[in-house]
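Engineer: After the structure tokens below, expect a handful of questions from me.
Numbering (the numbering used here), first residue to last: 516 to 592.
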């Protein structure tokens, strides 16, 4: 699975932090919504197209938080 994009709400701490990830594997696209940092709770969504996955990402980023797109680390070989 390849991570394509990552957004963060700019808040620190287990309670306040939220992340949204866009990943792909083959022809499938995956969106992960995570609350609470690396040990937090995640919800996963699966899509057949990048456009559909990005529609979900845009919906998840709506609200009072100041979302930032973070750079994705290149894959390790």
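Ideal Cβ positions, reconstructed from N, Cα and C, are used throughout, including at glycine.
1) Is it the case that the region 568-588 contacts the region 525-541, given that we only count it when at least three CB pairs across the two stretches are under 8 angstroms?
2) In angstroms, rounded to a whole number, what distance separates the CA positions of residue 563 and residue 540?
3) Between which two residues does the beta strand (DSSP E) holding residue 519 run?
4) Under three-state DSSP, which class holds residue 531?
5) Just the Cα atoms here: how many angstroms apart are residue 576 and residue 555?
Structural biologist: So, to answer that:
1) yes
2) Cα to Cα, residue 563 sits roughly 11 angstroms from residue 540.
3) 517-523
4) Here residue 531 sits in coil by DSSP.
5) 18 angstroms
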